[in-house]
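One structure is given here, and the rest of the page talks about it.
In my numbering, the protein residues as written are 419 to 593.
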């Protein structure tokens with residue numbers, strides 16, 4: 419586990435970025451939280467999962483959470499169980515043909531709006547004012563520490579990023 423930002427350099431004095439705590443983001447965020455507090459970077463991951471072809475082509479969108487304080491070599495081992503499921507979102511059907519005067523564009527916008535409202539509800543504790551000031555937690559050394567959770571990354575494929583950020587899926591997400 420890592421609890422503070424570090425700067426790592428190679429023999430040519432070039433900065434090396436390997437873990438989340440070696441990034442400039444962690445340094446910047448550490449400066450913005452109360453002195454003596456510990457940053458807890460929240461990592462989210464999602465990947466749409468196909469369930470069945472036999473009963474209407476059903477899909478789910480599981481949402482997982484981990485923390486950036488766990489080294490990636492440990493966090494990425496499936497047997498360690500550092501990623502916990504926090505939600506199973508339903509994937510809306512492409513188009514409902516049985517509803518008259520309900521265009522495909524309106525259906526897509528409504529489905530996107532509902533998805534964003536659900537994600538907003540799930541992630542609302544991270545935006546709570548008390549959470550921004552820090553939460554007192556018992557650490558592994560049995561001392562009480564003020565921990566400040568911050569959403570730091572969301573791992574997803576291009577289509578899910580397009581849905582999450584509300585961008586056109588056939589465009590470059592950077593441009």
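Cβ atoms here follow ideal geometry from the backbone N, Cα and C, with glycine treated the same way.
Checklist entry - How about residue 406 and residue 478: are their beta carbons less than 8 Å apart? => result What the structure shows of the chain is the stretch from 419 to 593, and residue 406 is not part of that stretch, so it cannot be assessed.
Checklist entry - How many angstroms separate the CA atom of residue 567 from the CA atom of residue 485? => result By one-based count along the chain shown, residue 567 stands at place 149. By one-based count along the chain shown, residue 485 stands at place 67. Answer to the nearest angstrom: the Cα atoms are 9 Å apart.
Checklist entry - Going straight from the alpha carbon of residue 573 to that of residue 585, what length do you get? => result On the chain shown, position 155 is the one that residue 573 refers to. On the chain shown, position 167 is the one that residue 585 refers to. Between residue 573 and residue 585, the C-alpha separation is close to 16 Å.
Next on the checklist: I'd like to know whether the C-beta atoms of residue 448 and residue 457 end up nearer to each other than 8 Å.
Outcome noted: Walking along the chain shown from the start, residue 448 turns up at place 30. Walking along the chain shown from the start, residue 457 turns up at place 39. A contact, by the Cβ cut-off of 8 Å.
Checklist entry - Any idea what DSSP makes of residue 563, helix, strand or coil? => result Taking the first residue of the chain shown as position 1, residue 563 is located at position 145. Strand at residue 563.
Next on the checklist: For the pair the stretch 426 to 446 and the stretch 484 to 500, tell me if three or more CB-CB distances fall below 8 Å.
Outcome noted: yes
Item to check | Span of the alpha helix (DSSP H) around residue 491 | outcome: The residue labelled residue 491 in the question sits at position 73 within the chain shown. Looking at the DSSP string, the run of the alpha helix (DSSP H) that includes residue 491 is 490 to 493.
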